[in-house]
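Report on the following structure.
Number of protein chains: 2
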Amino acid sequence: MIKISPLAPDVFPNLAVIEGVKFAAAAAGVKYPGRTDVMLASIAAGSAIAGVFTRSATRAACVLDCQAKMNEDMSQGAAILVNSGNANAFTGTAGQASVDRICTAVAASLNLPTSAVLTSSTGVIGEVLPDHKIIGCISALTASLRSDALEDAAKAIMTTDTFSKGSSATLDIDGKRVSISGIAKGSGMIAPDMATMLVYIFTDAKIGQIDLQKLLKELSNKTFNCITVDSDTSTSDALICAATGASGIDVSSDESFARALECLMLDLAHQVVKDGEGATKFVAVEVTGAASRDDARRVAMSVANSPLVKTAIAGEDPNWGRIVMAVGKSGAQADRDRLSIWFGPHLVAENGWVAKGYTEAIGTAYMKQDNLVIHINLGIGNARITVWTCDLTHGYIEINADYRS
Amino acid sequence: MIKISPLAPDVFPNLAVIEGVKFAAAAAGVKYPGRTDVMLASIAAGSAIAGVFTRSATRAACVLDCQAKMNEDMSQGAAILVNSGNANAFTGTAGQASVDRICTAVAASLNLPTSAVLTSSTGVIGEVLPDHKIIGCISALTASLRSDALEDAAKAIMTTDTFSKGSSATLDIDGKRVSISGIAKGSGMIAPDMATMLVYIFTDAKIGQIDLQKLLKELSNKTFNCITVDSDTSTSDALICAATGASGIDVSSDESFARALECLMLDLAHQVVKDGEGATKFVAVEVTGAASRDDARRVAMSVANSPLVKTAIAGEDPNWGRIVMAVGKSGAQADRDRLSIWFGPHLVAENGWVAKGYTEAIGTAYMKQDNLVIHINLGIGNARITVWTCDLTHGYIEINADYRS
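Keeping their order, the protein sequence lines are chains E and Z. Taken in order, the first sequence gives residues 15 to 419; the numbers are from the numbering used here. Taken in order, the second sequence gives residues 15 to 419; the numbers are from the numbering used here.
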């Protein structure tokens, strides 16, 4: 029995219905018995679709296919089909052939060009995708498309996620309502493969494809690209956003829309970290005072990925010496004597030494919380970043080492 | 009770005595009760001394002090004093003051200039070094210096190493005998801090300081800089080599000496990995066919540091999909369809897919060995590298998360 992450939200949120998109889920039996494992999203004509994908040099066939289609004309409408249980990665020429067959079948069923069908796969690497099982479900999926079935889709794309992930926002812009709803999967584990993050976001806002792509990329760098569970990058990560325009509200240069989308993306990104393998602590690593944004990122990721920092957090050990170590090894410009470190509101170290008034008892008490903030001020420049991570526990080893033993 | 690493050598090697160096160890009570924790090495006049140190931006006072002294004249002789139990790192201005006091006391006791005294400290970060305890031992250390006490020195510098580490080589060059003996500590854990690697190598070969420094740096890049336990870099790493010249054999451009030194350094580096926290497997990651040496290193380190690869190895899981993932995320030039992967002699994957004839049973049987070789041919260029690592087990989490809980 899968134990739900202690950091999981209490309830799945209500997702606003997005006019112009419909969803369906089905049980194709790709790998998991007794649950849904395929989702289909049908997106109305006139929508703008943008995507951000893994930069892995060994990315999966479906990722390469999506990237190639991002510049295609999807004005007649589009579809997204996602399966869990098999990643269709490192499957040679068979990989692209599976993608082509699925796209052809979905296109025929929804009367779309194949160039308007996007797919994702998540699961085992190196095994040929049994695409016939997926294709066998397509007419049933098409027949059951519903505008209020996004939660079903969120469940179908789970692998060993311990909870399904969704987020939604509704804005009033010029007295009219604009909605955004998104789902994600991530950081669950499939034997014998790595975690994969997949995110799908839908909105009834009106925005051109080029503007949407630009916004999505910019916001990814502040949200999904600022999380790390274990420093390992999937071959299949994909984020796709579709804007149907059904609200009639143009948000091309609307700041409140960009903010709402950022908040929603951040919420989904945080949920992915909170379902990090074995996670018991959710940790924000804030770096300020860096010489450049790159340096800030280097320090933050060095801390957030350090096994010694992450195991200390798991042990509720206020081990600031390991943070000093991680700053030192990051390669960023840093000066031991200008650096300061906080645990939440508590100043821990400054001027190259432990801070006056800081005691081990203060740090130990702080570390007992589920949600931690590690703040590092490099004291050099004005650049800053925040990244999010989780702790490294026996649960991580159990999931990843013991799973097949 | 500390459990000795299952990868530890059966016996401590016989270390050749090096004419011109003497050693002593003492119990100063810096932190550990009932064991030695300080070592002193006295090096004869006319020796050449070279060093390679951590590049951490937050390195310890003693490291900064050693680096500053590397260009000093040590023709009157030199000394190395090392303590375990306290790293004297991130201790503000008090750190350098402690180093100065220790150097002054050693210099007075051995009639040397302070500029010829090198120190290392390993242990807790952020606590002031009780240097008076160390200084209190110096006259006893000086009085007990012996040429055959290098093994005692190896024991005194241990922190939570599970075995002491030594290596020795004897060469015949032009019918005369040249010896090299070295000791190391590393990858043991001290609450609340990170592993530190310290290495001291002595030889009676004759070689100029500039040549020795160049050789040491070059060989470090092929040995100690090619190992990783957990991707975390200490604030205190130091490698010091002293050549006394007592053999009368000039090895400045002697290839057999360079090879012997490289083998000895590699042996010590491997011992550090074999004492990696929680290690149960010793893993060589060989990368060939890379576009450049940097690319080869990037791929090898990406595989060797990947928590998902390391936990798979711990679970004896022949999970080559995770190797594909680690190659993909490395940032090096790679092509999914030109890449091939071997487990030892077994071809696992090629042409973007699992290899014909490879079966899960072959991989599973191979993974049961203690010593594993993962070979990755990128199929692009001619550059290559080998790095060494260990697996990531519950033992690592226990040592680093549970130690103070």
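Glycine residues also receive a C-beta, built at the ideal position from the N, C-alpha and C atoms.
- Contact note: threonine 105 (chain Z) reaches chain E through Gly366, Trp367, using a C-beta cutoff of 8 Å and chain order.
- By the CB criterion at 8 Å, isoleucine 355 (chain Z) and isoleucine 390 (chain Z) fall inside the cutoff.
- Annotation for tyrosine 214 (chain Z): the continuous beta strand (DSSP E) segment containing it runs 212 to 217.
- In chain order, Ser70, Ala71, Thr72 make up the part of chain E whose C-beta sits under 9 Å from the C-beta of valine 341 (chain Z).
- Cβ contact annotation for glycine 377 (chain E) (same chain, cutoff 8 Å, sequence separation greater than five): Pro332, Trp334, Phe357, His360, Val362, in chain order.
- For the set E:Asp87, E:Gly180, E:Ala58, the Cα lying nearest the Cα of valine 25 (chain E) is the one of E:Gly180.
- Those residues of the stretch 290 to 303 of chain Z placed with their C-beta closer than 8 Å to a C-beta in chain E do not exist.
- Per the Cβ contact rule, the stretch 215 to 230 of chain Z is in contact with the stretch 59 to 71 of chain Z (3 or more Cβ pairs under 8 Å).
- When the five nearest sequence neighbours on each side are left out, the beta carbons in the same chain lying within less than 6 Å of the beta carbon of valine 299 (chain E) are those of Ala314, Val317, Ala318, Ile388, Val401, in order along the chain.
- Contact fails between the stretch 265 to 278 of chain E and the stretch 70 to 77 of chain E, because fewer than three Cβ pairs, one in each stretch, are under 8 Å apart.
- The alpha-carbon of threonine 50 (chain Z) is positioned some 17 Å away from that of isoleucine 116 (chain Z).
- Within chain E, Thr72, Ala103, Phe104, Ile139, Gly140, Thr249 have C-beta atoms less than 8 Å from the C-beta of valine 338 (chain Z), given in sequence order.
- Chain E places no beta carbon closer than 8 Å to that of arginine 352 (chain Z), leaving this residue out of the contacts.
- For serine 178 (chain Z), there is no enclosing beta strand (DSSP E), as DSSP marks it with neither H nor E.
- Excluding residues up to 5 positions away in sequence, Ser56, Ala93, Thr156 lie with their Cβ nearer than 7 Å to the Cβ of leucine 124 (chain Z) in the same chain.
- With the rule of 3 Cβ pairs closer than 8 Å, the stretch 86 to 105 of chain E does not count as touching the stretch 288 to 303 of chain E.
- Taking the Cα positions, histidine 408 (chain Z) is about 47 Å away from serine 270 (chain E).
- At a cut-off of 8 Å between beta carbons, tryptophan 402 (chain E) makes no contact with chain Z.
- Note on geometry: alpha-carbon atoms of isoleucine 148 (chain Z) and glycine 137 (chain Z) lie some 14 Å from one another.
- Chain order gives the chain E residues near alanine 348 (chain Z) as Ala71, Thr72, where near means a beta carbon separation below 8 Å.
- Between isoleucine 411 (chain Z) and chain E, the shortest Cβ-Cβ separation is below 8 Å.
- Look at tryptophan 356 (chain Z): its C-beta is not under 8 Å from any C-beta on chain E.
- According to DSSP, histidine 389 (chain E) shares a beta bridge with E:Glu300, E:Trp356.
- Not a single C-beta of chain Z is nearer than 8 Å to the C-beta of leucine 386 (chain E).
- Between the beta-carbon of leucine 406 (chain E) and that of proline 321 (chain E) there is about 6 Å, and that keeps the pair under the 8 Å contact cut.
- Counting along the chain, no alpha helix (DSSP H) covers phenylalanine 37 (chain E); the unbroken beta strand (DSSP E) around it starts and ends at 35 to 40.
- For the options Z:Arg352, Z:Gly371, Z:Asp349, Z:Lys169, the alpha carbon positioned closest to that of valine 96 (chain Z) is the one of Z:Lys169.
- For tyrosine 214 (chain Z), the CB contacts under 6 Å within the same chain, skipping 5 residues up- and downstream, are Ile197, Ile254 in chain order.
- Listed in chain order, the non-local C-beta contacts of leucine 353 (chain Z) below 8 Å within the same chain comprise Val338, Val341, Ala363, Glu364, Gly366, Ile390, Asn391, Leu392, Gly393, local neighbours out to five positions each way being set aside.
- Sequence-distant partners of arginine 307 (chain E) (beyond 5 residues in either direction) whose C-beta falls short of 7 Å from its own C-beta, in its chain, are Ala397, Ile399.
- In the DSSP assignment, valine 368 (chain E) forms a beta bridge with E:Ala363.
- As far as DSSP is concerned, alanine 379 (chain E) takes part in no beta bridge.
- In the DSSP assignment, threonine 156 (chain E) falls within the alpha helix (DSSP H) that extends over 152 to 157.
- Shown here, lysine 45 (chain Z) sits in coil according to DSSP, grouped into three states, outside any helix or strand.
- For asparagine 414 (chain E), there is no enclosing beta strand (DSSP E); the residue is found in the alpha helix (DSSP H) stretching over 408 to 415.
- Around the CB of arginine 350 (chain E), 16 or more other CB atoms lie within 10 Å, so the residue is classed as buried.
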